[in-house]
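Residue numbering for the sequence shown follows the numbering used here, starting at 412 and increasing by one per position.
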Amino acid sequence: MDSLFKNVNNVNTEEDRKLETLKSLDEKIAAAIEKVRALKEEKAVLERRIKELEQSLDEKNQELEMLKTEKSTVKSQLEELLNELESIQL
Numbered sequence: 412m413d414s415l416f417k418n419v420n421n422v423n424t425e426e427d428r429k430l431e432t433l434k435s436l437d438e439k440i441a442a443a444i445e446k447v448r449a450l451k452e453e454k455a456v457l458e459r460r461i462k463e464l465e466q467s468l469d470e471k472n473q474e475l476e477m478l479k480t481e482k483s484t485v486k487s488q489l490e491e492l493l494n495e496l497e498s499i500q501l
């Protein structure tokens, strides 16, 4: 009889180990799923930030082009005025 109880105890112990292993795996899977969810959220935030920065860069580039055009126009006007002034002084 004693041997029979030992076998039952061994079975329970083995089942307990299996249950603990399953619980541990379940916790690891849940943690991994949470990590993936958090990373997806972070990725979405970063993608929005990249779009904002790209839009800002485009706006700055347009502004820079406008300023270059304005500079060129002012430079041309200044050269014309200098030429006109030179011709008047002669």
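All C-beta atoms in this analysis are idealised placements derived from N, C-alpha and C, irrespective of residue type, glycine included.
- Linking K471 to L493 through their CA atoms gives a straight-line distance of about 32 Å.
- In this structure, the CA atom of S487 is about 15 Å from the CA atom of M477.
- A442 and L436 have their C-alpha atoms some 10 Å from each other.
- Take the alpha-carbon of N423 and the one of V447: they are about 36 Å apart.
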